[in-house]
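Q:
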Amino acid sequence: MEDEMKEYYSKNPRVAPVQTVHVGQLLAVNAEEDAWLRAQIISTDENKIKASSVCYVDYGFCENIEKSKAYRLNSRFCSLSFQATKCKLAGLEILNDDPDLVKVVESLTCGKIFAVEILDKSDIPLVVLYDTSGEDDININATCLKAICDKSLEVHLQVDAMYTNVKVTNICSDGTLYCQVPCKGLNKLNDLLHKTEDYFHCKHMTSEYFISLPFCGKICLFHCKGKWLRVEITNVHSSRALDVQFLDSGNATSVKVSELREIPPRFLQEMLAIPPQAIKCCLADLPQSISMWTPDAVLWLRDSVLNCSDCSIKVTKVDETKGVAYVYLFTPKNFPDPHRSINRQITNADLWKHQKDVFLSAVSGAASSSGSRNDSAPAPGSPGEGLRKSHPEVIRKPLLDHTSSFSLEELPPPIHLSKSGEHMDVYVPVACHPGHFVIQPWQEIHKLEVLMEEMILYYSVSEERHIVVERDQVYAAKVENKWYRVLLKGILTNGLASVYELDYGKHELVNIRKVQPLVDVFRKLPFQAVTAQLAGVKCSQWSEEASMVFRNHVEKKPLVALVQAVIEHTNPWDRKVVVYLVDTSLPDTDTWIHDFMSQYLVELSKAN
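Note that the UniProt record's numbering has the sequence shown beginning at 1, numbered continuously upward.
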């Protein structure tokens with residue numbers, strides 16, 4: 001269009017600059033480098049259009065121009081919608097007038113391509129921007145927020161310096177530590193959190209403090225062990241469940257949206273200005289023979305220093321690129337003798353004996369310690385009822401009283417399927433080809449969503465411990481950011497396990513550390529995935545092209561199934577149904593998938 005504008009205005013002698021203009025008028029403007037752009041008048045005076053008085057509607061920026069460069073916009077150039085939309089970055093609204101923020105946003109965003117998550121489709125949409133150009137997606141909103149933190153409140157560890165009264169707040173399964181070091185920022189944070197506690201205590205908790213619009217990168221408050229703590233939302237699973245990172249302890253957990261609170265407006269700007277107070281550390285000078293941390297070593301380290309508030313550290317190296325400090329760690333009674341440091345004590349050979357097929361859950365016990373939910377109970381009758389206790393109980397209680405295998409009697413009952421000749425509403429989560437796809441009964445999907453949310457919330461605070469895994473047994477497994485009910489199909493030599501998702505019909509490879517026992521409360525709902533075969537069409541071998549056509553018509557779609565036969569089996573995951581599938585989404589006609597595929601096969605054979 002702009003090329004057409006240039007052609008039209010440059011070569012049409014009858015087109016002249018406008019003589020009079022008014023606010024809101026659309027113009028064609030001869031801009032820099034002989035470009036012709038659409039613009040809208042904002043304000044005028046007799047000789048010039050005032051500063052910032054035209055907005056280029058396809059680019060969103062404003063400038064003042066001479067009248068001699070402004071032309072009436074021909075109607076042929078009005079059909080294309082304006083290409084620039086004014087947006088607000090979520091989480092940064094209170095800092096809109098901060099000149100430092102404007103500079104940061106401009107430097108991070110101008111001239112770049114982003115993925116946009118629209119949170120609120122108002123006149124000025126509320127959005128989150130993601131830079132997807134690298135290996136990992138970068139949340140631009142969160143990056144901007146971190147960039148304008150008060151640098152005077154950051155902790156800058158110095159090499160060879162000693163720090164006392166250090167608190168170890170989190171220990172990960174790879175031996176990484178998170179510590180709090182006394183500093184100006186930590187003191188100010190504690191003071192603000194104390195004021196927030198008093199504020200909530202004196203003020204009735206109204207709906208304005210509940211999180212109505214959760215999004216990744218949002219900073220809010222979570223009540224844990226009698227204190228309000230800062231958390232950042234890192235993953236939104238659903239309207240009820242999400243993952244959070246504790247900014248000042250390094251822990252992570254899953255919580256219900258209803259358990260989070262907005263930071264009161266009077267404290268918000270100060271709270272956002274304080275940098276995260278959790279410092280990522282690694283033990284320095286460990287023997288090279290120590291590569292993969294064992295469960296015994298991690299548990300010994302946690303027992304020795306976790307949540308101890310009067311430890312000491314000596315910094316040997318700071319890796320700015322990784323954001324990690326390498327330290328010698330001391331308990332109070334051993335400071336400052338380097339030979340009695342935690343670094344030396346943990347080299348005990350007995351702690352590093354790897355046990356075959358025994359693994360430590362990757363969920364951090366420290367994450368449970370600071371990241372547990374409060375004592376509020378789940379709704380009566382929900383899958384999590386009776387499981388969620390006050391946090392000390394969660395830590396002390398094992399996930400199960402034993403880790404032995406389960407008999408089939410302890411599995412949920414088979415899911416109800418319609419009889420031959422009956423219809424049922426289904427959803428197809430996975431489709432390989434007409435001879436093999438998976439259906440879920442539509443009426444049970446809400447129950448499955450609730451169960452998935454409760455599994456996320458429960459396993460995020462479950463105790464770490466050793467488990468022995470067995471093939472062909474049912475477990476819970478973490479795939480990406482969610483927990484699934486799975487059948488363990490095999491154990492690979494590289495620390496991975498092959499699992500089958502019993503509710504979704506997918507085969508996945510997961511880290512064996514992500515496999516945990518499936519507790520009884522999650523064994524009530526029947527497994528939702530049922531293997532199916534399309535009736536009414538015969539083909540011994542489906543080509544990749546035909547399989548793709550089938551997938552495009554059924555996968556991730558709600559359909560109606562007419563049951564031809566149900567093939568029962570002792571194992572619920574080995575049951576199979578033969579069904580006709582009908583797509584009823586079109587208003588005037590129903591599409592029978594077997595008719596469509598039969599016609600496709602006929603046309604394919606003619607073409608060949």
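Glycine included, every Cβ here is placed at the ideal spot set by N, Cα and C.
Mind checking whether residue 468 and residue 497 have CB atoms under 8 Å apart?
A: Locating residue 468 in the sequence shown gives position 468, where the first residue counts as 1. Locating residue 497 in the sequence shown gives position 497, where the first residue counts as 1. No, the Cβ-Cβ distance between residue 468 and residue 497 is not below 8 Å.
Q: What would DSSP say about residue 118, mapped onto helix, strand or coil?
A: Numbered from its first residue, the sequence shown carries residue 118 at position 118. Three-state result, residue 118: strand.
Q: Mind checking residue 70: buried by the 16 CB within 10 Å criterion, or exposed?
A: Residue mapping note: residue 70 aligns to position 70 of the sequence shown, counting from 1. Buried, by the Cβ-count rule.
Q: Would you mind stating whether residue 420 and residue 565 have Cβ atoms separated by less than 8 Å?
A: For the purposes of this step, residue 420 is taken as the residue at position 420 of the sequence shown. For the purposes of this step, residue 565 is taken as the residue at position 565 of the sequence shown. Yes; because the gap between Cβ atoms is below 8 Å, this pair is in contact.
Q: Considering only DSSP beta bridges, list what residue 498 is partnered with.
A: Locating residue 498 in the sequence shown gives position 498, where the first residue counts as 1. According to DSSP, residue 498 bridges with 490 and 509.
Q: With respect to the beta strand (DSSP E) encompassing residue 441, which residues constitute its N-terminal and C-terminal limits?
A: Within the sequence shown, the letter at position 441 stands for residue 441. 436 to 441 is the extent of the beta strand (DSSP E) around residue 441.
Q: Would you report the Cα separation of residue 629 and residue 121, rounded to the nearest angstrom?
A: This structure cannot settle anything about residue 629, because the visible part of the chain is limited to 1 through 608.
Q: Assign residue 419 to one of three DSSP states: helix, strand, or coil.
A: Residue mapping note: residue 419 aligns to position 419 of the sequence shown, counting from 1. Here residue 419 sits in coil by DSSP.
Q: On the DSSP bridge list, what partners appear for residue 580?
A: Within the sequence shown, residue 580 is the residue found at index 580, counting from 1. Partner(s): 562.
Q: Would a C-beta distance cut-off of 8 Å place residue 415 and residue 527 closer than the cut-off?
A: Looking up residue 415 in the sequence shown gives position 415. Looking up residue 527 in the sequence shown gives position 527. Cβ atoms of residue 415 and residue 527: closer than 8 Å.
Q: Could you tell me whether the Cβ of residue 164 comes closer than 8 Å to any Cβ of chain C?
A: This model lacks chain C altogether; it includes just one protein chain.
Q: Determine the extent of the beta strand (DSSP E) in which residue 171 is found, giving its start and end residues.
A: Walking along the sequence shown from the start, residue 171 turns up at place 171. Counting along the chain, the beta strand (DSSP E) containing residue 171 begins and ends at 162 to 171.
Q: Going by other Cβ atoms of all chains shown within 10 Å of its Cβ, with 16 needed for buried, is residue 89 buried or exposed?
A: Working through the sequence shown from its first residue, we reach residue 89 at position 89. Buried: at least 16 other Cβ atoms inside 10 Å.
Q: Spatial neighbours of residue 115 within its chain, please: C-beta separation below 6 Å, excluding the five flanking residues on both sides.
A: Translated into positions along the sequence shown, residue 115 becomes position 115. So the qualifying residues of the chain are 130 and 132.
Q: Nearest by alpha-carbon distance to residue 348: which of 309, 306 and 300 is it?
A: Here residue 348 refers to the residue found at position 348 of the sequence shown. If we check each option's Cα against that of residue 348, 300 comes out closest.
Q: Can the beta-carbon of residue 617 be found less than 8 Å from the beta-carbon of residue 153?
A: For the chain, the structure presents residues 1 to 608; residue 617 sits outside this window and is missing.
Q: How about the region 433 to 450 and the region 478 to 487: do they share at least three Cβ pairs that are nearer than 8 Å?
A: Output reads no: the region 478 to 487 does not touch the region 433 to 450.
Q: Going by the beta-carbon positions, is the gap between residue 306 and residue 343 smaller than 8 Å?
A: Stepping through the sequence shown from its first residue, residue 306 is reached at position 306. Stepping through the sequence shown from its first residue, residue 343 is reached at position 343. Cβ distance not < 8 Å, so residue 306 and residue 343 don't count as in contact.
Q: Rounded to the nearest angstrom, what separates residue 605 and residue 417 at their Cα positions?
A: Looking up residue 605 in the sequence shown gives position 605. Looking up residue 417 in the sequence shown gives position 417. Computed Cα separation, rounded: 36 Å.
Q: Please determine, among 569, 578 and 163, the residue with the shortest C-alpha to C-alpha distance to residue 413.
A: Locating residue 413 in the sequence shown gives position 413, where the first residue counts as 1. Nearest of 569, 578 and 163 to residue 413, Cα basis: 569.
Q: Look up residue 321 in the DSSP assignment and say whether it is helix, strand or coil.
A: Position 321 of the sequence shown, counted from the first residue, corresponds to residue 321. Three-state result, residue 321: coil.
Q: By a C-beta neighbour count over all protein chains shown, 10 Å radius and 16 as the cutoff for buried, is residue 1 buried or exposed?
A: Along the sequence shown, one-based indexing puts residue 1 at 1. The residue in question, residue 1, is exposed, as its Cβ has fewer than 16 Cβ neighbours within 10 Å.
Q: Report all residues from its chain with a CB closer than 7 Å to the CB of residue 19; omit the five preceding and five following residues, and keep chain order.
A: Taking the first residue of the sequence shown as 1, we reach residue 19 at position 19. None.
Q: Could you give the residue range of the beta strand (DSSP E) that holds residue 177?
A: As a working mapping, residue 177 is identified with position 177 in the sequence shown. Taken as a continuous stretch (DSSP letters only), the beta strand (DSSP E) holding residue 177 covers 177 to 180.
Q: If you run the structure through DSSP and keep just helix, strand and coil, what is residue 49?
A: Sequence index remark: in the sequence shown, residue 49 carries index 49 (1-based). Residue placement at residue 49 cannot be trusted, given a pLDDT of 49 that sits under 50; what the coordinates show is reported in the next sentence. Of the three classes helix, strand and coil, the one that applies to residue 49 here is coil, per DSSP.
Q: Provide the residue span of the beta strand (DSSP E) that contains residue 223, from first to last.
A: Within the sequence shown, numbered from 1, the residue matching residue 223 stands at position 223. 219 to 224 is the span of the beta strand (DSSP E), which, as asked, contains residue 223.
Q: Could you tell me how far apart the beta carbons of residue 312 and residue 162 are, in whole angstroms, since I believe they sit closer than 8 Å?
A: Taking the first residue of the sequence shown as position 1, residue 312 is located at position 312. Taking the first residue of the sequence shown as position 1, residue 162 is located at position 162. So it is a contact: roughly 6 Å between Cβ atoms.
Q: Here's the rule I'm using: 16 or more other beta-carbon atoms within 10 Å means buried, otherwise exposed. How should residue 179 be labelled?
A: Numbered from its first residue, the sequence shown carries residue 179 at position 179. So residue 179 ends up on the buried side.
Q: So the beta strand (DSSP E) residue 243 belongs to, where does it begin and stop?
A: Residue 243 sits at position 243 when you count from the first residue of the sequence shown. Note, residue 243: beta strand (DSSP E), 241 to 246.
Q: Residue 479 and residue 488 look like a contact to me (Cβ under 8 Å); what is the Cβ gap, rounded to whole Å?
A: Here residue 479 corresponds to residue number 479 of the sequence shown, with the count starting at 1. Here residue 488 corresponds to residue number 488 of the sequence shown, with the count starting at 1. No, residue 479 and residue 488 are not in contact; Cβ-Cβ is about 13 Å, not under 8 Å.
Q: For residue 212, collect the residues of the same chain with a Cβ closer than 7 Å to its Cβ; drop the 5 residues on either side in sequence, then sort them by chain order.
A: Here residue 212 corresponds to residue number 212 of the sequence shown, with the count starting at 1. Closer than 7 Å at Cβ, skipping near neighbours: no residue.
Q: Closer than 6 Å by C-beta to residue 150: which residues in its own chain qualify, once you throw out the five before and the five after it? Chain order, please.
A: By one-based count along the sequence shown, residue 150 stands at place 150. Cβ within range, chain order: 273.
Q: Identify whether residue 254 lies in helix, strand or coil by the three-state DSSP scheme.
A: Your numbering for residue 254 matches position 254 in the sequence shown. DSSP places residue 254 in strand when its eight states are reduced to three.
Q: Are there three or more Cβ pairs, one per stretch, closer than 8 Å when the region 430 to 444 is compared with the region 541 to 548?
A: Touching, per the Cβ criterion.
Q: Given a threshold of 16 other Cβ atoms within 10 Å of its Cβ, counted over all protein chains shown, does residue 16 qualify as buried or as exposed?
A: By 1-based counting over the sequence shown, the position of residue 16 is 16. Classification for residue 16: exposed.
Q: So for residue 107, helix, strand or coil by DSSP?
A: Looking up residue 107 in the sequence shown gives position 107. Looking at residue 107 - three-state DSSP - the assignment turns out to be helix.
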